[in-house]
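Visitor: Protein chains in written order, with my numbering: chain C, -11 to 459; chain L, 429 to 704.
Provided herewith is a single structure, encoded as structure tokens, for subsequent inquiry.
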């Protein structure tokens, strides 16, 4: 380059140094510290670095599935031969996004990539859009999550609408047709112009339920607040809906996920249909919500120029992200770690556990750290009562609020004899491993900091890699 | 022995709209504690349907939960115009009413919005709420008013509100704040109670971890229909374990929790906005 941006170069250089120091001193994965340092030196560092991605930036946001969908999209885009950088560690506030870019950049402040693909926290999405001017934005869903931090689901929906409205005019956005809170983002309202998105949605009667769960975050229309009628429910408040008041209904998606076969937490097979052409994708992770995630990644990948056939092949070879359906072994048994941090996630994962043929044992670890959300009242928002009668289930209750969790489980009607309270991670992991059925990985549903603790234990025993190794 | 055919009807007000913070747990706790004593507790959902108004008469007592601002706005008109009069009548005759968060605010005379508009409330308690800019969020530990006659006076839960509730003269707070913010953030008072009405910002939900409040509700509901008011004690060991754990967590600092849980990982701590 003819003229070097010295401020940018300084930000990148010192950011890299901070990251190396953080890792060297074992302070953590160095997944946000470079961002802190670099932004202090050049507040526009993220904008400048992103501008050097040859084809642009794509952001992935929503309450659940950000990390997995980002990993899927990364797999499809890399497979197409493009060079990609991403925040695969899951640090998704602007500091984390900056750190991911710094790690990849050279000292002249250039990324040397085609696409920058980043997952971004819902509340940070408007700021990320303003700084990165992305070519695309993927909005997965809006569920109640960490209400002590984000306060209200309505406010999160509003932030996402702001992010979409802030996209450059030539950019695309991908949205979930099944989630009325997401699908309504593209509709003109409150002085905002209509901004039609590329929509994906599940279309398979066999995996649908008839009724909403007891606590749903979209019983009323996001546009007029009249009651929504649901003819199908796939998970949480995602399904086929129609507003009694203004007539807003689930829009027809461009990409349909159909012919879905779920295999507990181990796999899901789905046919993705776009313009009448179907592609079969088999994922090595389970849960119906992954059918939606892979449809989102597919929709974004085709919008970015990958052929449907190629994208489908790449998505079938996708590997789970850190702590998202990750397998590990402990004391001779296999365990499967699943990040589970809100009612929609816990409900979906428990449903998947129930599909397993073997008599299930599951560990749930509930921590109340800042990163988990200090408020754990959400465990009362899922219909454990229904689960308790549908199938006998042994549960290891763990975490800093293990006894609160045990109380919740006992109140569901699950016999007390089926609940084992082990607050400490090591004891819980061992109890889970001992109760595991040979040949079937025993699931552990963990809140964020519990995931860090369990992961650290497994790293120490050599069962899994440190999380920053692949970042 | 008491008569086996004891039956209570719980009127659950607006469970579809006001259900933000696990408030369903309050209903489950009442059901379970009633059932364990051979009392059949039927739950009636009282929603926005005008036809639901006539259900109120047949209820032994009520609970109402917290909701988002918009949901609160949706139910306010219905609550005051339709459900209010029979509800006031039931409460005046001794029916217990437990109101949490938004439900608590609506019991007052009025709610003053940011722009200074006054929205009328039910007027069941001499108090009012002002909209605030600051959000009061965190674990909340209080010492309950001695006149409630609880054996364990510590009540534990979580608060998350921006409204600041000012109690009128003569209205007793539910308790004194030991840890957390309470009604206004600085009055040292939390919630309010009068006769058979109990309002609070404590969710978590309130009743499972504070079983004596469940029993307060059940006792009043039984007394109103002229039935024996002595409730046999229950084995509360699970509830006590959860209480003890929650109280211990509430009385530790966030900073300490962050470091212990995350092993001092600076990057992890910085991923989330700190300092509440």
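Just so it is clear, CB atoms sit at the ideal spot from N, CA and C, and this is done for glycine as well.
Note that the coordinates shown come from a computational prediction; the quantities given were computed from them, not determined experimentally.
Shortest alpha-carbon distance to residue 124(C) belongs to which of 254(C), 284(C), -2(C) and 197(C)?
Guide: As a first step, residue 124(C) must be located in the first chain, where it is residue number 136. Comparing Cα positions, the closest option is 284(C).
Visitor: Is DSSP giving residue 143(C) helix, strand or coil here?
Guide: Indexing the first chain from 1 puts residue 143(C) at position 155. Residue 143(C) falls in the helix class under three-state DSSP.
Visitor: Can you pull the chain C neighbours of residue 673(L), defined as C-beta to C-beta under 7 Å?
Guide: Position 245 of the second chain holds residue 673(L). Within chain C, 389, 391 and 392 have C-beta atoms less than 7 Å from the C-beta of residue 673(L), given in sequence order.
Visitor: Closer than 8 Å between beta carbons: that is the criterion. Which residues of the segment 447 to 471 of chain L meet it against chain C?
Guide: 447, 448, 449, 450, 451, 452, 453, 456, 457 and 460
Visitor: I'd like to know whether the C-beta atoms of residue 606(L) and residue 587(L) end up nearer to each other than 8 Å.
Guide: Against the second chain, residue 606(L) aligns to sequence position 178. Against the second chain, residue 587(L) aligns to sequence position 159. Going by C-beta atoms, residue 606(L) is not nearer than 8 Å to residue 587(L).
Visitor: Expressed to the nearest angstrom, what Euclidean distance is found between the alpha-carbon atoms of residue 591(L) and residue 558(L)?
Guide: Taking the second chain and counting its residues from 1, the one referred to as residue 591(L) is at position 163. Taking the second chain and counting its residues from 1, the one referred to as residue 558(L) is at position 130. About 5 Å.
Visitor: Find out if the Cβ-Cβ distance for the pair residue 618(L), residue 578(L) is shorter than 8 Å.
Guide: In the second chain, residue 618(L) corresponds to position 190, counting from 1. In the second chain, residue 578(L) corresponds to position 150, counting from 1. Contact: no.
Visitor: By the DSSP assignment, the beta strand (DSSP E) with residue 227(C) in it spans what residues?
Guide: Along the first chain, one-based indexing puts residue 227(C) at 239. Unbroken beta strand (DSSP E) run through residue 227(C): 226 to 231.
Visitor: What do you get for residue 335(C), buried or exposed, if any count of 16 or more other CB atoms within 10 angstroms of its CB means buried?
Guide: Within the first chain, residue 335(C) is the residue found at index 347, counting from 1. Label assigned to residue 335(C): buried.
Visitor: Listed from N- to C-terminal order along the chain, which residues in the segment 585 to 618 of chain L have their beta-carbon within a distance smaller than 7 Å of any beta-carbon of chain C?
Guide: 586 and 588
Visitor: Taking C-beta pairs closer than 8 Å, name the residues in chain L that residue 398(C) reaches, listed in chain order.
Guide: Residue numbering aside, residue 398(C) sits at position 410 when the first chain is read from its first letter. Going along chain L in sequence order, the residues near residue 398(C) (Cβ under 8 Å) are 666.
Visitor: Name the chain L residues whose beta carbon is nearer than 7 Å to that of residue 365(C)?
Guide: Here residue 365(C) refers to the residue found at position 377 of the first chain. Per Cβ cutoff of 7 Å: 449, 450, 586, 631, 632 and 633.
Visitor: Under 8 Å: do the segment 263 to 272 of chain C and the segment 15 to 34 of chain C share three or more Cβ pairs, one atom per stretch?
Guide: no
Visitor: According to the Cβ coordinates, are residue 527(L) and residue 623(L) closer than 8 Å?
Guide: Translated into positions along the second chain, residue 527(L) becomes position 99. Translated into positions along the second chain, residue 623(L) becomes position 195. Not in contact: residue 527(L) and residue 623(L) (Cβ atoms no closer than 8 Å).
Visitor: Could you tell me which of 582(L), 662(L) and 481(L) sits nearest to residue 638(L), measuring between CA atoms?
Guide: Taking the first residue of the second chain as position 1, residue 638(L) is located at position 210. Measuring from the Cα of residue 638(L), the nearest candidate turns out to be 582(L).
Visitor: Can you give me the C-alpha to C-alpha distance between residue 43(C) and residue 97(C), rounded to a whole angstrom?
Guide: As a first step, residue 43(C) must be located in the first chain, where it is residue number 55. As a first step, residue 97(C) must be located in the first chain, where it is residue number 109. Answer to the nearest angstrom: the Cα atoms are 16 Å apart.
Visitor: To the nearest angstrom, report how far apart residue 4(C) and residue 78(C) are at their CA atoms.
Guide: By one-based count along the first chain, residue 4(C) stands at place 16. By one-based count along the first chain, residue 78(C) stands at place 90. Using only the alpha carbons, I get a separation of about 18 Å.
Visitor: Determine, using beta carbons only, whether residue 496(L) comes closer than 8 Å to chain C.
Guide: The count along the second chain starts at 1 and reaches residue 496(L) at position 68. Judged by the 8 Å Cβ criterion, residue 496(L) is in contact with chain C.
Visitor: Exposed or buried, what is residue 556(L) when buried is set at 16 or more other beta-carbons lying within 10 Å of its beta-carbon?
Guide: By one-based count along the second chain, residue 556(L) stands at place 128. By the neighbour-count rule (16 or more Cβ atoms within 10 Å), residue 556(L) is buried.
Visitor: Going along the chain, which unbroken runs of the beta strand (DSSP E) with 3 or more residues stay wholly within the segment 607 to 685 of chain L?
Guide: Fully enclosed beta strand (DSSP E) runs of 3 or longer: 620 to 622 and 625 to 628.
Visitor: Mark residue 145(C) as exposed unless 16 or more other C-beta atoms lie within 10 angstroms of its C-beta, in which case mark it buried.
Guide: For this step, residue 145(C) is matched to residue 157 along the first chain. Residue 145(C) comes out buried.
Visitor: Provide the residue span of the alpha helix (DSSP H) that contains residue 547(L), from first to last.
Guide: Reading the second chain from its first residue, position 119 is the one you call residue 547(L). Where residue 547(L) is concerned, there is no enclosing alpha helix (DSSP H), although the beta strand (DSSP E) it sits in stretches over 546 to 548.
Visitor: Please go through the same chain and pick out, in chain order, the residues whose beta-carbon is closer than 7 Å to the beta-carbon of residue 416(C), but skip the five residues on each side of it.
Guide: Sequence index remark: in the first chain, residue 416(C) carries index 428 (1-based). Cβ within range, chain order: 351, 353, 384, 386 and 410.
Visitor: Quick check on residue 684(L): buried or exposed, where buried means 16 or more other Cβ atoms within 10 Å of its Cβ?
Guide: Here residue 684(L) refers to the residue found at position 256 of the second chain. Reliability of the predicted coordinates at residue 684(L) is poor, the pLDDT of 38 falling under 50, and the value obtained from them is presented with this limitation in mind. Residue 684(L) should be labelled exposed.
Visitor: Using the C-alpha atoms, what's the distance from residue 168(C) back to residue 304(C)?
Guide: On the first chain, position 316 is the one that residue 304(C) refers to. On the first chain, position 180 is the one that residue 168(C) refers to. Cα-Cα distance, rounded: 28 Å.
Visitor: Under 8 Å between the Cβ atoms of residue 192(C) and residue 246(C)?
Guide: As a working mapping, residue 192(C) is identified with position 204 in the first chain. As a working mapping, residue 246(C) is identified with position 258 in the first chain. Yes, they are a contact pair.
Visitor: Considering just the uninterrupted stretch of the alpha helix (DSSP H) at residue 414(C), what are its terminal residues?
Guide: To locate residue 414(C), count along the first chain from 1; it is residue 426. Annotation for residue 414(C): the continuous alpha helix (DSSP H) segment containing it runs 413 to 423.
Visitor: Short check: CB of residue 525(L) to CB of residue 489(L), under 8 Å?
Guide: One-based indexing of the second chain puts residue 525(L) at position 97. One-based indexing of the second chain puts residue 489(L) at position 61. Remark: C-beta atoms of residue 525(L) and residue 489(L) approach each other more closely than 8 Å.
Visitor: Enumerate, from N- to C-terminal direction, the unbroken beta strand (DSSP E) stretches of 3 or more residues contained entirely within the segment 354 to 408 of chain C.
Guide: 382 to 386
Visitor: Anything in chain C within Cβ reach of residue 567(L), meaning under 9 Å, just list it in chain order.
Guide: As a working mapping, residue 567(L) is identified with position 139 in the second chain. The answer, in chain order, is 356, 362 and 363.
Visitor: When Cβ atoms are compared, which residues of the segment 197 to 225 of chain C fall closer than 8 Å to chain L?
Guide: 202, 203, 207, 208 and 213
Visitor: Can you have a look at residue 172(C) and say buried or exposed, based on whether 16 or more other CB atoms are within 10 angstroms of its CB?
Guide: Counting from one through the first chain, the residue named residue 172(C) turns up at place 184. When all chains shown are included, residue 172(C) counts as buried.
Visitor: I want to see whether chain C comes within less than 8 Å of residue 656(L), judged by CB atoms only; does it?
Guide: Indexing the second chain from 1 puts residue 656(L) at position 228. Residue 656(L) does not count as touching chain C.
Visitor: Could you tell me which chain C residues have their CB closer than 8 Å to the CB of residue 651(L), listed as they occur along the chain?
Guide: Walking along the second chain from the start, residue 651(L) turns up at place 223. Within 8 Å Cβ-Cβ: nothing; residue 651(L) doesn't reach chain C, min ~25 Å.
Visitor: Under the rule that 16 or more other beta-carbon atoms within 10 Å means buried, what is residue 509(L), buried or exposed?
Guide: Sequence index remark: in the second chain, residue 509(L) carries index 81 (1-based). Classification of residue 509(L): exposed, given that the 10 Å Cβ count is below 16.
Visitor: Start and end of the beta strand (DSSP E) containing residue 286(C)?
Guide: Within the first chain, residue 286(C) is the residue found at index 298, counting from 1. Run containing residue 286(C): none in the beta strand (DSSP E); it sits in the alpha helix (DSSP H), 277 to 291.
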